[in-house]
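Novice: My questions all concern the structure below.
In our numbering, the protein residues as written are 881 to 1220.
Okay, here's the thing in structure tokens:
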């Protein structure tokens, strides 16, 4: 810009070599000129028009630069950001952490946008953003650097739990100094529910179960257990259905272990899907995957357990399935429940 400006003003005369200024010196000069325009008491004072023009042009360029950085930090399309660009992101957040507090049109912070990406290469940025956010006071004392702040829909931890790469990121967050993830978060933030409902990744689901096994029996505000989330799976084809039924098999087996109250009503099968849907989880699963496949999965999951009062619970909650239960679990007719 300065070269072009000099060409215009000097009208063909030889252009002198520009003074070499560092970015810091240029920024200092610009700030002093802006302060000069405002005056000591905040009132504008006369500044030569050429200087005013230079200042306004540089301020416009500064605004465009900041806009470009902001857009970069809010990218959610993984193709818009190189996979390994940790140096760029580190430079931005460490030199100007204010960018961590900016919201896009969806009210998402940069940390939310990074969490939206399912690519593990981008999720690895989350600890960096959260640690710098914590230092910058993003979200205050309870915001944990942005991890517990809600974006357009849910908070960052819940977004991360929806990713197939969740376990890797949560493991890192739990080892930072200070720690940014605690096992209590699994239940408080319904992370097992989010993993079952959205990520459908066995490794992520098992990770949260290992952190807090009782989260499998913890209901959301809508009255939904993690096993009830399986009923909401969309139809995605035979391969995905098999994967989803494998999740059901694992959750059922965990639900039965070390539990009383008629084995937590046989692993949650006889619980209602939610407060707004009184359908039993068992019937919801049959509706989604078909009776034969659901009962085959239940059989495979529970066949190793003895003295399981599944027939008692079927008679109590879903007598229409009694014949199927007696066929799949013939020994259940001789099992006594806790009251003998």
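Virtual Cβ for every residue (Gly too), placed ideally from N, Cα, C.
Using DSSP with H/G/I as helix, E/B as strand and the rest coil, what is residue 888?
Specialist: Interpretation of residue 888 is limited by its pLDDT of 48, a score under 50 that renders its predicted location unreliable; the figure taken from the coordinates is listed afterwards. Correct three-state label for residue 888: helix.
Novice: Does the beta-carbon distance from residue 1019 to residue 1029 come in below 7 Å?
Specialist: A contact, by the Cβ cut-off of 7 Å.
Novice: Which of the three DSSP states is assigned to residue 1135 in this structure?
Specialist: Residue state, collapsed to three classes: helix.
Novice: CB-CB under 7 Å to residue 1166, same chain, minus the five flanking residues each way: which ones, in chain order?
Specialist: Answer for residue 1166: 1174, listed in chain order.
Novice: Have a look at the DSSP bridge pairing and note the partners of residue 1154.
Specialist: Paired residues: 1157.
Novice: Assuming residue 1181 and residue 1133 make a contact with CB atoms under 8 Å, what is their CB distance in whole Å?
Specialist: With a Cβ gap of about 5 Å, residue 1181 and residue 1133 count as contacting.
Novice: Starting from residue 1050, trace the alpha helix (DSSP H) in both directions and tell me its first and last residue.
Specialist: Unbroken alpha helix (DSSP H) run through residue 1050: 1046-1053.
Novice: Have a look at the DSSP bridge pairing and note the partners of residue 1030.
Specialist: Answer by DSSP bridge pairing, in chain order: 1035.
Novice: Around the C-beta of residue 931, are 16 or more other C-beta atoms found within 10 angstroms, so that it is buried, or is it exposed?
Specialist: The residue in question, residue 931, is exposed, as its Cβ has fewer than 16 Cβ neighbours within 10 Å.
Novice: Within 10 angstroms of the Cβ of residue 1035, are there 16 or more other Cβ atoms? Answer buried if so, exposed if not.
Specialist: Buried: at least 16 other Cβ atoms inside 10 Å.
Novice: Distance check for residue 1054 and residue 1062, CA to CA, integer angstroms please.
Specialist: In a straight line, the C-alpha of residue 1062 is about 6 Å away from that of residue 1054.
Novice: Compare the Cα-Cα distances from residue 969 to each of 981, 952, 956 and report the closest residue.
Specialist: Checking every option, the nearest Cα to that of residue 969 belongs to 952.
Novice: In terms of residue numbering, what span does the alpha helix (DSSP H) encompassing residue 940 cover?
Specialist: Residue 940 -> alpha helix (DSSP H) spans 929-953.
Novice: Which residue marks the beginning of the alpha helix (DSSP H) containing residue 1210, and which one marks its end?
Specialist: Element bounds for residue 1210: n/a, residue is neither H nor E.
Novice: Please report how far the alpha carbon of residue 1014 lies from the alpha carbon of residue 1022, in whole angstroms.
Specialist: One C-alpha to the other measures close to 10 Å.
Novice: Once the 5 residues before and after residue 1095 are set aside, which same chain residues still bring their CB inside 6 Å of it?
Specialist: Result list for residue 1095: 1066, 1067, 1072, in chain order.
Novice: Between 1012, 1009, 1081, 1011, which has its C-alpha nearest residue 1043's C-alpha?
Specialist: Out of 1012, 1009, 1081, 1011, 1081 has the C-alpha closest to the C-alpha of residue 1043.
Novice: Within a Cβ cutoff of 7 Å, which residues of the same chain sit near residue 1026, ignoring the five residues on either side of it in sequence?
Specialist: Only 980, 989, 991, 1009, 1010, 1013, 1018, 1019, 1036 meet the Cβ criterion.
Novice: How many angstroms separate the CA atom of residue 993 from the CA atom of residue 1088?
Specialist: Their Cα atoms are separated by approximately 23 Å.
Novice: What whole-angstrom Cβ distance do residue 1202 and residue 1153 have, given they're in contact under 8 Å?
Specialist: The pair is not a contact, with the Cβ atoms about 21 Å apart (cut-off 8 Å).
Novice: Exposed or buried, residue 939, counting other C-beta atoms within 10 Å across all chains shown (16 or more means buried)?
Specialist: Classification of residue 939: exposed, given that the 10 Å Cβ count is below 16.
Novice: Mind pulling the beta strand (DSSP E) runs of 3 or more residues that sit fully within the segment 974-1022?
Specialist: Correct list: empty.
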